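Everything on this sheet refers to the single structure shown next.
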Amino acid sequence: MIKLRLALLFLVNCFALSAFCQIYISNVTIVDVVNQKLIPAQTVEINNGIISNIQSSGKIKIPAGTTVIDGKGKYLMPGLTDAHVHFFQSGGLYTRPDAIDLRKYHPYQEEIDWVHNHMEDFLRRYVKSGITSVIDVGSNFHFLQQRDSFENKAYAPEIFMTGPLLTSYEPTVFKNLKNEEPFLLVKTPEDGIKGVQSELPYHPDFIKIWYIVSPNKDSVETSAKEFQPVVKAIIAEAHKHHLKVAVHATQRITARLAVESGCDYLVHGVEDEIVSGDFIKLLKSKNVIDCPTLIVEDGYFKTFGQNMNYSPYDVAISNPQQLASIQDLKHLPDSALAGSYKKRFNMPVVVNRLAHEDSVRMVNLKKMIDGGITIVAGTDAGNIGTQHASSLFDELKAMKQSGLSNWQIIQSATINPTKILDKQESMGSVAVGKKADLVLLNANPVENLDNITDIHLVINKGKLIDPGKIVK
Ligand SMILES: [Zn+2]
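Every letter in the sequence shown is one number past the one before it in my numbering, and letter 99, counting from 1, is 101.
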């Protein structure tokens, strides 16, 4: 009884995020994401936030009075990563006035204030759903400062973040927002170099380029080539400062030119055509990582067409205010605006275009993974209709529909994203010496991906997190 009380006391201390914690997870099945195998009956020792020992159960002597989690019948996997999110966006209806301008009902300044005030809420929801790392591939200087305040917080995932997107195109509604502006317009190679340098004082984890060119099929090639010198200059300058470069390039031509210019990470799949074997060889030879982002466009289309139906999981995990805002289109005072969006996004030509792009993205994903490209799971969360935290599970299901195996999908959300920023030695698998960012599941995720949401507890930064209590 005393032993139990002591153990409980330590458990309470660990939950209370004390500075130091020794934890044992006994008799658990480890999900070995590197070798694609399950290792049963293991005991895992965690010391001061690091996995310090793993042995067959019985071989590790557990000292009296330490916290022991009974892992019998459970599965221990590395915490998940969403490799493509944006904290400057809420996931709600008012977050992209360049896509639908509702600022007269909800001033953009209110949206900005809301996302800053709710960054902690989003972070808690990520950890609640087993996501212990996030990569923000487009934010601003204010968010880079805010990122630093979450560094040692056990309720927050590891946050890797860039500053404003260095871009060939700047949406008017985002102009003159100073340190809240997510875009930095660069027209010449010199602008590009200055853009990189302007981010350095804020210590971004990497640099991001928005490679936006003419959507017109006849001029896309010329327009992409015109901007390539700027892309090259940005990449060279970033690499000089040991920063990796992520690029938004959704056409075959921009993706190819970005890769030829030396980029490290493509944050979307190619959606305008089926990629060739040569394209895949090029990516492979340059070790470029790709994030397919399969669901984000659907989020916009379903919201604007008023066809959005969230799953019970979305409802359980997402911020309820932003989830609810998606339905606001049905109740706007300006019913003509809402009606015109609804009409347009239900037109067969528009619906078919989305279906075509979806299928191209899925075919390309399967070709890329079969061709040996490192694929990472990322949602573009924060965009309209793509909710922070819960959307990762929707993305994993879409990857499954593309024909990936459960092991490939689990790797894409655990060990693979660590390779984007060269963190594979310290994160992304259940191994001695790695950070104790872990998820203890009640059932086998390899057998059924749905089991990824059946979380018993999360260990984040070496601290025990009760997923039922982490969101305030
Ligand atoms: Zn994005």
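Note that beta-carbon positions come from the ideal geometry of N, C-alpha and C, so glycine has one too.
Keep in mind the model is a prediction, meaning the values are calculated, not measured.
Worksheet item: Say the cut is 7 Å; is the CB of Gly-1 nearer than that to a heavy atom of ligand 1?
Response: Residue coverage of the chain in this structure runs from 3 to 474, which leaves residue 1 outside it and unanswerable.
Practice prompt. Could you name each continuous alpha helix (DSSP H) segment of 4 residues or more that falls completely within the segment 253-300, going from the start of the chain to the end?
Written response: 254-262, 279-287
Worksheet item: What distance in whole Å lies between the Cβ atoms of Leu-187 and Thr-169, which are believed to be in contact at a cut-off of 8 Å?
Response: As a position in the sequence shown, residue 169 is number 167, starting the count at 1. As a position in the sequence shown, residue 187 is number 185, starting the count at 1. About 6 Å; that satisfies the 8 Å criterion.
Practice prompt. Assuming Ala-438 and Ile-52 form a contact by the criterion Cβ under 8 Å, report the distance between their Cβ atoms to the nearest whole angstrom.
Written response: One-based indexing of the sequence shown puts residue 438 at position 436. One-based indexing of the sequence shown puts residue 52 at position 50. At roughly 6 Å, the Cβ-Cβ gap stays under 8 Å, so Ala-438 and Ile-52 are in contact.
Item to complete: Just grab the DSSP bridge partners of Tyr-315 for me.
Response: For this step, residue 315 is matched to residue 313 along the sequence shown. According to DSSP, which records beta bridges pairwise, Tyr-315 is partnered with nothing at all.
Worksheet item: Is the CB-CB distance between Ala-156 and Lys-465 below 8 Å?
Response: Indexing the sequence shown from 1 puts residue 156 at position 154. Indexing the sequence shown from 1 puts residue 465 at position 463. Yes; because the gap between Cβ atoms is below 8 Å, this pair is in contact.
Worksheet entry | Euclidean distance between Cα positions of Ile-41 and Asn-453 | Stepping through the sequence shown from its first residue, residue 41 is reached at position 39. Stepping through the sequence shown from its first residue, residue 453 is reached at position 451. Whole-angstrom Cα-Cα distance: 17 Å.
Discussion item. Does the contact criterion of 3 or more C-beta pairs under 8 Å hold for the segment 440-448 versus the segment 70-78?
Written reply: yes
Discussion item. Can you tell me where the alpha helix (DSSP H) holding Asn-462 begins and where it ends?
Written reply: What you label residue 462 is simply residue 460 of the sequence shown in a count that begins at 1. Run containing Asn-462: none in the alpha helix (DSSP H); it sits in the beta strand (DSSP E), 457-462.
Worksheet item: Counting along the chain, where does the beta strand (DSSP E) carrying Tyr-128 start and finish?
Response: Walking along the sequence shown from the start, residue 128 turns up at place 126. That residue, Tyr-128, is in no beta strand (DSSP E); its alpha helix (DSSP H) goes 121-130.
Worksheet item: Relative to the C-alpha of Val-70, which residue among Gly-81, Val-46, Thr-83 is closest?
Response: Taking the first residue of the sequence shown as position 1, residue 70 is located at position 68. Among Gly-81, Val-46, Thr-83, the Cα nearest to that of Val-70 is on Val-46.
Discussion item. Output needed for Arg-149: all residues of its chain with C-beta closer than 6 Å, excluding positions within five of it in sequence on either side, in chain order.
Written reply: Residue 149 sits at position 147 when you count from the first residue of the sequence shown. The residues are Ile-161, Met-163.
Worksheet item: Exposed or buried, which one is Asp-468 when buried takes at least 16 other CB atoms within 10 Å?
Response: Looking up residue 468 in the sequence shown gives position 466. Looking at its Cβ environment, which holds fewer than 16 other Cβ atoms inside 10 Å, Asp-468 is exposed.
Discussion item. Can you list, in chain order, the residues of its chain with a C-beta nearer than 8 Å to that of Lys-283? Leave out the 5 residues immediately preceding and following it.
Written reply: Along the sequence shown, read from residue 1 onward, the residue named residue 283 stands at position 281. Counting only Cβ-Cβ distances below 8 Å, and skipping sequence neighbours, we find Gly-373.
Fill in: Residue environment, Asn-119, which counts as buried when at least 16 other CB atoms sit within 10 Å
In the sequence shown, the residue the question calls residue 119 occupies position 117. Classification for Asn-119: exposed.
Item to complete: Sort Leu-167, Glu-192, Ile-195 by Cα distance to Glu-183 and report the nearest one.
Response: Counting from 1 along the sequence shown, the entry for residue 183 is found at position 181. The residue with the shortest Cα to Cα distance from Glu-183 is Leu-167.
Worksheet item: How many Å lie between Glu-275 and Glu-359 at the Cα?
Response: Within the sequence shown, numbered from 1, the residue matching residue 275 stands at position 273. Within the sequence shown, numbered from 1, the residue matching residue 359 stands at position 357. Rounded to the nearest angstrom, the two C-alpha atoms are 9 Å apart.
Discussion item. Let's see if you can read the secondary structure: which residues bound the alpha helix (DSSP H) around Pro-322?
Written reply: Residue numbering aside, residue 322 sits at position 320 when the sequence shown is read from its first letter. 322-327 is the extent of the alpha helix (DSSP H) around Pro-322.
Worksheet item: According to the neighbour-count rule (16 or more other Cβ atoms, all chains shown, within 10 Å of its Cβ), is Gln-91 buried or exposed?
Response: Position 89 of the sequence shown, counted from the start, is the residue given in the question as residue 91. The residue in question, Gln-91, is buried, as its Cβ has 16 or more Cβ neighbours within 10 Å.
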